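Comments concern the structure below.
Protein chains: 2
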Amino acid sequence: MTKKNAPTIKDVAREAGVAVGTVSKVINGRNVRQPYRQKVEDAIRKLNYEVNTYARGLKIRKSNLIALIIPNTLNPFFAAFTDHVEAALYEKGYKTLLCCADGDPDKEIAYLTMAMQNKVDGVIALTYSDIGSHIADGFPIVVLDRFFENRVIPRVASDNFSGGCLAVEKLLEFGCRHPVYIRFHSVFPGESDKRKDGYLHACEKYGLKPDFLDEVDNPDASSMLLDFLNRHRRPDGSLTFDGVFAHTDYHGYMFLNLLRQEGYRVPEDVQIIGFDGIRKFGGEQESLFISSICQPVRQLASKCVELVLAEDRSSVPSLTLLPTRYEYGGTTRKQREI
Amino acid sequence: MTKKNAPTIKDVAREAGVAVGTVSKVINGRNVRQPYRQKVEDAIRKLNYEVNTYARGLKIRKSNLIALIIPNTLNPFFAAFTDHVEAALYEKGYKTLLCCADGDPDKEIAYLTMAMQNKVDGVIALTYSDIGSHIADGFPIVVLDRFFENRVIPRVASDNFSGGCLAVEKLLEFGCRHPVYIRFHSVFPGESDKRKDGYLHACEKYGLKPDFLDEVDNPDASSMLLDFLNRHRRPDGSLTFDGVFAHTDYHGYMFLNLLRQEGYRVPEDVQIIGFDGIRKFGGEQESLFISSICQPVRQLASKCVELVLAEDRSSVPSLTLLPTRYEYGGTTRKQREI
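One line per chain: the protein sequences are A and B, in this order. The first sequence begins at 1 in the numbering used here and counts up one residue at a time. The second sequence begins at 1001 in the numbering used here and counts up one residue at a time.
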């Protein structure tokens, strides 16, 4: 018996005269031969080994492994997030099991199933599956960015709504009068959808008429951008917009190249602000591809780690939003123009 | 009994009337209560369960985990390597334990020690420590790029020497007459040192006078590049070199920006070829930062996986070199100029 008089898995094993592993197998519904199973079940009853004690018993078998399920590490945002998660976990004595599951729900589910077999102590995930149905109540999991409507799973994200507003406000501050919004989005809903909400909110607040390109991401993105450009070209060649808020740095940079190719000057004719804060060559000291609303990737990672390791699961908020910030990256005017 | 008549750990467990886990514990000298230990030992004797069978027994306890020790996933080359290693391991039924050990020998050694405790089945490493002294003979380990002079450890790398030659040959093919070499290198020796050897070899082969900047990487790299530029400026402002082979895309891109800032046109006045093949935003379909000698990062990853999982360790070569290739990235002339 422990000091607190609550029986542990070890007490059950001692009482039943079996190994702790056998008790664990019985608890987890795995195959145990009948005489041993009977002994364990008798001991559990005799000691009044309860559900909360059961949870404590599971903790004894900690793997000190956390599974990180992300699409890939090729995307610089995911790569930076992975780097920071690994560092934050290591600092807390945990190791990182990396799963790059891009577009493969089977792979995501294989990892979640493994997690459920108590082979990892928790999961940090950015997945494309409906993972809610694959995880047990109370299992330590934190998701980055995505929604899971059918299940409350703690979620960490940048404050995309405020970030969307900030992009418009910065464009206005730097002299734009007609900021448009361009977006090629995933078919999966997520927190980043709120960037558009932020744009629309800012338009209403500042009396602007919303004007946007909003399409599912596809291989024809660049020709869609060219169509969008042509629809906004006056007979004299000038454009009816003078600012662009791009849903991601990636598409903002694509639009920058297209604008320059078509003979427009950035930031003189058109200013561009992206979203993400992707840096060239990945270095934290390096310059951005374009001016951007930067996600706090290091803080997102440490918040995910903090929450997945939280002792008291009931204290973990269902949604944690971290603030974004604007940073100059060459595609906006440096000085405020009145 | 199996078909080959060699008893397995399962046969021992069946004979002893205990779980396979109990046999495994006895074999591995872990704590097992006397009556069970006795049963297992009797069964081992009765079945003549032998050393080579024992080794097979150990295999049953495979973790199916491979530790990947790299500096970080912020650098796009390491990020891509990580992504490809994870995919190649997953395909073979293995999971990836990620260790980003940048500049922390303690962390590298902690992972290697864990590996030696049979918690992982192998290690793929790009480390800065003398890891030779931390691994047992015959343990499955493969290193990327680095030398370990005091111990033969299987090593996989790009063919940096040929890549260095190729850079010079391409510059000559595109019309350069005076290619220089710039390099800011790590204090740790590695396969990439051979890029310079390749440059020097090509100079000799084509009757060129070698001219280079070769410094340890440092925060003053950009002012050193400016000094180098000034030393090569004629009184009329023109430069005494017309081609640059940069040791990495990173420093090549830095030099590109400096040259343009100083009013030189790239590729008209100066052509630049880097090394690595770093792509913008990490995507495999994206454009390069500069024209480059590209490392075959996907093939490097799958070769490392193939070798770390090789059944017969004695068949693993001590050095495997994979070919590089040139790719246009905007800083060279597209057409051959005679």
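All C-beta atoms in this analysis are idealised placements derived from N, C-alpha and C, irrespective of residue type, glycine included. Bear in mind the structure is a predicted one, so any value in this text is a computation, not a measurement.
Minimum Cβ-Cβ distance from residue i to chain A less than 7 Å
{"i": "Pro1267(B)", "result": "no"}
{"i": "Pro1076(B)", "result": "yes"}
{"i": "Arg1336(B)", "result": "The pLDDT assigned to Arg1336(B) is 48, lower than 50, so where the model puts this residue is not dependable, and the model offers no usable value."}
{"i": "Cys1100(B)", "result": "yes"}
{"i": "Thr1073(B)", "result": "yes"}
{"i": "Ala1080(B)", "result": "yes"}
Length of the line joining the Cα atoms of residue i and residue j
{"i": "Gly164(A)", "j": "Arg1260(B)", "result": "34 Å"}
{"i": "Ser287(A)", "j": "Ala157(A)", "result": "23 Å"}
{"i": "Tyr1206(B)", "j": "Phe1212(B)", "result": "16 Å"}
{"i": "Arg177(A)", "j": "Ser222(A)", "result": "25 Å"}
{"i": "Leu1256(B)", "j": "Pro1210(B)", "result": "21 Å"}
{"i": "Asn72(A)", "j": "Gly282(A)", "result": "15 Å"}
{"i": "Asp249(A)", "j": "Phe275(A)", "result": "5 Å"}
{"i": "Lys119(A)", "j": "Ala19(A)", "result": "19 Å"}
{"i": "Val1143(B)", "j": "Glu1284(B)", "result": "24 Å"}
{"i": "Ile1131(B)", "j": "Lys1107(B)", "result": "12 Å"}
{"i": "Val1051(B)", "j": "Gly1138(B)", "result": "Because Val1051(B) sits at a pLDDT of 39, beneath the cut-off of 50, its placement in the model cannot be relied upon, and the following sentence gives the value as read from the coordinates. Going by the C-alpha atoms only, they are around 17 Å apart."}
{"i": "Leu1322(B)", "j": "Tyr94(A)", "result": "35 Å"}
{"i": "Ile69(A)", "j": "Ser192(A)", "result": "18 Å"}
{"i": "Ala1079(B)", "j": "Leu74(A)", "result": "6 Å"}
{"i": "Arg231(A)", "j": "Glu262(A)", "result": "14 Å"}
{"i": "Gly307(A)", "j": "Arg279(A)", "result": "As written in the sequence, residue 307(A) is Leu, which differs from the Gly given in the question. So the alpha carbons of these two residues sit roughly 27 Å apart."}
{"i": "Val40(A)", "j": "Phe1188(B)", "result": "57 Å"}
{"i": "Gly237(A)", "j": "Leu258(A)", "result": "15 Å"}
Proximity test, residue i beta-carbon vs the ligand FMN heavy atom, cut-off 6 Å
{"i": "Leu309(A)", "result": "This structure lacks the ligand FMN, and indeed carries no ligand of any kind."}
Candidates the options, of which the one nearest residue i by Cα
{"i": "Glu1084(B)", "options": "Thr1324(B), Lys1334(B) and Arg1298(B)", "result": "Here the sequence assigns His to residue 1084(B), which means Glu is not the residue at that position. Residue Arg1298(B) is the option with its Cα nearest to His1084(B)."}
{"i": "His1185(B)", "options": "Glu1173(B), Pro1219(B), His1201(B) and Pro1210(B)", "result": "Pro1219(B)"}
{"i": "Ser315(A)", "options": "Lys194(A), Asn64(A), Ile153(A) and Glu108(A)", "result": "Ile153(A)"}
{"i": "Arg1155(B)", "options": "Thr1324(B), Tyr1328(B), Thr1320(B) and Asp1042(B)", "result": "Thr1320(B)"}
{"i": "Gly1175(B)", "options": "Val1040(B), Asp1011(B) and Pro1267(B)", "result": "Pro1267(B)"}
{"i": "Lys303(A)", "options": "Asn75(A), Ser192(A), Leu229(A) and Asp145(A)", "result": "Asp145(A)"}
{"i": "Glu1173(B)", "options": "Ala1202(B), Phe1188(B) and Val1187(B)", "result": "Ala1202(B)"}
{"i": "Ile141(A)", "options": "Asp214(A), Arg231(A), Pro105(A) and Leu65(A)", "result": "Leu65(A)"}
{"i": "Leu208(A)", "options": "Gly237(A), Asp214(A) and Leu200(A)", "result": "Leu200(A)"}
{"i": "Val305(A)", "options": "Ile182(A), Leu258(A) and Tyr90(A)", "result": "Tyr90(A)"}
{"i": "Pro1105(B)", "options": "Val1012(B), Leu1309(B), Thr1127(B) and Thr1324(B)", "result": "Thr1127(B)"}
{"i": "Tyr1049(B)", "options": "Thr1022(B), Lys1010(B), Val1032(B) and Pro1076(B)", "result": "Lys1010(B)"}
{"i": "Ala1110(B)", "options": "Glu1204(B), Asp1159(B) and His1134(B)", "result": "His1134(B)"}
Counted within 10 angstroms of its Cβ, other Cβ atoms place residue i as buried (16 or more) or exposed
{"i": "Tyr1036(B)", "result": "buried"}
{"i": "Gln295(A)", "result": "buried"}
{"i": "Lys1194(B)", "result": "buried"}
{"i": "Gln38(A)", "result": "exposed"}
{"i": "Pro317(A)", "result": "exposed"}
{"i": "Ser1129(B)", "result": "buried"}
{"i": "Lys25(A)", "result": "buried"}
{"i": "Thr113(A)", "result": "exposed"}
{"i": "Gly17(A)", "result": "exposed"}
{"i": "Gly1339(B)", "result": "Limits of chain B in this structure are 1001 at one end and 1338 at the other, which puts residue 1339(B) out of reach."}
{"i": "Thr240(A)", "result": "exposed"}
{"i": "Gly1329(B)", "result": "buried"}
Contacts around residue i, its chain only, beta-carbon distance under 8 Å, and the 5 residues preceding and following it disregarded
{"i": "Ile273(A)", "result": "Ala167, Lys170, Leu171, Gly243, Val244, Phe245, Ala246, Gly252, Ile290, Ser291, Ser292, Ile293, Tyr326, Thr331 and Thr332"}
{"i": "Ser1063(B)", "result": "Asn1118, Lys1119, Val1120 and Asp1121"}
Beta-carbon proximity list for residue i, same chain, < 6 Å, skipping 5 on both sides
{"i": "Tyr1054(B)", "result": "Residue confidence for Tyr1054(B) is low, a pLDDT of 38 falling below 50, so the modelled location carries little weight; the figure read from the coordinates is stated next. Counting only Cβ-Cβ distances below 6 Å, and skipping sequence neighbours, we find nothing."}
{"i": "Tyr264(A)", "result": "Val270"}
CB contact below 7 Å: residue i versus chain B
{"i": "Glu86(A)", "result": "yes"}
{"i": "Phe281(A)", "result": "yes"}
{"i": "Asp211(A)", "result": "no"}
{"i": "Gly21(A)", "result": "yes"}
{"i": "Ala136(A)", "result": "no"}
{"i": "Cys304(A)", "result": "no"}
{"i": "Asp83(A)", "result": "yes"}
{"i": "Tyr250(A)", "result": "yes"}
{"i": "Lys95(A)", "result": "yes"}
Residues near residue i by beta carbon distance below 7 Å, same chain, minus five either side
{"i": "Asp197(A)", "result": "Phe161 and Gly164"}
{"i": "Ala1136(B)", "result": "Met1116"}
{"i": "Pro15(A)", "result": "A small fix is needed here, since residue 15(A) is Glu in this sequence, not Pro. The residues are Ala43, Lys46 and Leu47."}
{"i": "Glu86(A)", "result": "Thr96"}
{"i": "Pro235(A)", "result": "none"}
{"i": "Asp217(A)", "result": "Phe184, His185 and Ser186"}
{"i": "Val12(A)", "result": "Val23, Val40, Ala43, Ile44, Leu47 and Tyr49"}
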